[in-house]
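Here's the structure we're looking at; comments come further down.
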Amino acid sequence: MNIIISHQNTDFDALAAMLGARKLYPDHRLVLPSAVSPPVRRYLALHKDWLTVLEPAQIRGESIEEVVVVDTRDGGRLTDFAEALDAAVRVTVYDHHPPGDNDIEATRAVIEPVGSCATVLFERLEQEGVELHPREATLMMLGVYADTGSLSFPSTDFRDLRAAAYLRKSGASLPVVNRYLQQEFSPQQQRLLVALMNGIEVIHRDGLRVGIAGCTSADYVKGAAMVVERTLQLMGLDACFVALQQKGRDVVQVIGRSKTRHLDAAAVAAIWDGGGHRSAAAARARSADHQQVVDRLTEYVEQMELEPLEVGDIMSCPVQVVPHDMSLEQLKTNLERWGVSGVPVERDGRLDGVVSQRDVDKAASRGDWSVPAAGFMSHQVVTANPDDSIEAALEVMTDEDVGRLPVVDDEGEIIGIVSRSDILRRIYDDAGGGW
Ligand SMILES: [Mn+2]
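Under our numbering, the residues of the sequence shown are numbered 744 to 1178, in order.
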């Protein structure tokens, strides 16, 4: 077995570099350490059908031939893999950190003094002529941005900027990158974040959650828009508008962010002759008080025309349902024929569980093709209602760690299925990412 690993508390640069390494070594398996940073964990929860990762326990006892280590070579950050590293025939390192006392011994090491390890891997892929899918480019971009402070840290090299440019050209989605980025805030920004988190009013409109807040500050807040963006992310809002007034001034700064195509931030900013894009816009309201601006924003959001945005709108239907006694062999054939990655399982007309492609692969590896669906399905009882908002469905999937939710009507009948990929498509369409 050949594996690709990285450091404890895996961050986006490490994950991006692991993906890059797997593009170079397609037969190697990705193995994550026991501790992974929370934003990476959230990213993986949503992308796991596409990005398969193993846990250290799953390689125990395997004979390891090659270990590819990325974004570190410090043995102290690789303790989960000490055994594998000892046993490996070859150890290859891709890193961008300066040398240290605790560095592991490598058969081959590619060390480049650039801002992110994703850049190191990107350049190898470029040399080999390996093409990237937009979602792969997006993760690589996340790596570059995370380690360079979105290309702003002094450690940012020309080569990081160049990698970012080519990743963008390969279709990297900046809205998705921003969705996952952790940003560092100044004290003024932190105070603003606290004020917004505490003072924001959330208006619910047909499954959309729009936050509106008014706020005063003693000094000018540089980078207030980033705080508005973070508020939107932290609160899981679809859009967020903030009226910010510096004490003693009669100008109100209006900042809008929207990640839904149902609400055009630029149209809102236009109320005060501002401008921008659908997803990000700003305006300056003169001779105004922030409370007046908040009232006007609230009126706008409460009265705007909306198409509904619900699970029922994006679910797949009609839905294929399989009986609990369908054999593994038949099920595998059917999933391929139907081109779906999972189906609900029924028994006596009622939902009994869900079978995913992963369940099928796992069962198939045991070699008994006659085992019935009930023997390897997930006994999953969480479902969605067609009236649920898609954000709520996504939350349930993340909380329950399931990839799809059967959609049932009030009588308990299965009328559709909504999968992580349905929601991904919706999120990315809304963000203009297009995959
Ligand atoms: Mn790094």
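Using N, Cα and C, we set each Cβ at its ideal position, and we do this for glycine too.
- When DSSP states are grouped into helix, strand and coil, residue 754 belongs to the coil group.
- At least one heavy atom of ligand 1 is found less than 7 Å from the C-beta of residue 859.
- The C-beta distance from residue 929 to residue 957 rounds to 21 Å, too long to meet the 8 Å contact threshold.
- Positions of the alpha helix (DSSP H) runs, each at least 4 residues long and wholly inside the segment 847-893, are given as 860-871, 877-891 in order along the chain.
- In the three-state reduction of the DSSP assignment, residue 998 falls in the strand class, which pools E and B.
- Ligand 1 never approaches residue 852 closely enough for any of its heavy atoms to be under 7 Å from the residue's Cβ.
- Judged by DSSP in its simplified three-state form, residue 987 adopts strand.
- Going by C-alpha positions, residue 819 is about 28 Å away from residue 868.
- Contact annotation: residue 853 and residue 873 have beta-carbon atoms that are not nearer than 8 Å.
- Cβ neighbours of residue 1136 within its own chain (closer than 8 Å, five residues either side excluded): 1054, 1127, 1148, 1161, 1166.
- Contact between the segment 813-828 and the segment 906-925 is absent: fewer than three C-beta pairs spanning the two stretches fall below 8 Å.
- DSSP, reduced to helix, strand and coil, places residue 1020 outside both helices and strands of the structure shown, so it counts as coil.
- Taking non-hydrogen atoms of ligand 1 into account, the C-beta of residue 756 is found less than 7 Å away from one of them.
- Of all alpha-carbon atoms in 1056, 783, 1106, 1084, the one lying nearest the alpha-carbon of residue 1146 is that of 1084.
- In the same chain as residue 848, and ignoring 5 residues on each side of it, the C-beta atoms closer than 8 Å to its own belong to 834, in chain order.
- Taken in chain order, the complete alpha helix (DSSP H) segments of 4 residues or longer contained in the segment 1102-1159 are 1133-1143.
- Using a 10 angstroms sphere on the CB of residue 1045, the tally of other CB atoms stays under 16, which defines it as exposed.
- One thing to note: residue 981 has its Cβ within 8 Å of the Cβ of residue 953.
- CA-to-CA, the gap between residue 1036 and residue 1004 works out to about 23 Å.
- In the same chain as residue 1105, and ignoring 5 residues on each side of it, no C-beta atom comes closer than 6 Å to its own.
- For residue 900, the Cβ stays outside the 7 Å cut-off from all heavy atoms of ligand 1.
- Sequence-distant Cβ neighbours of residue 1060 in its own chain, meaning closer than 8 Å and more than five residues away, are 1150, 1158, 1159, 1160.
- The beta carbon of residue 1089 sits closer than 8 Å to the beta carbons of 1064, 1065, 1066, 1067, 1095, 1157 from its chain, once the five residues preceding and following it are set aside; these are given in chain order.
- A residue is called buried when at least 16 other Cβ atoms come within 10 angstroms of its Cβ; residue 1153 does not meet this threshold and is exposed.
- In the DSSP annotation of this structure, the continuous segment of the alpha helix (DSSP H) that includes residue 908 starts and ends at 901-912.
- Check the Cα spacing between residue 969 and each of 948, 999, 994: the tightest is with 999.
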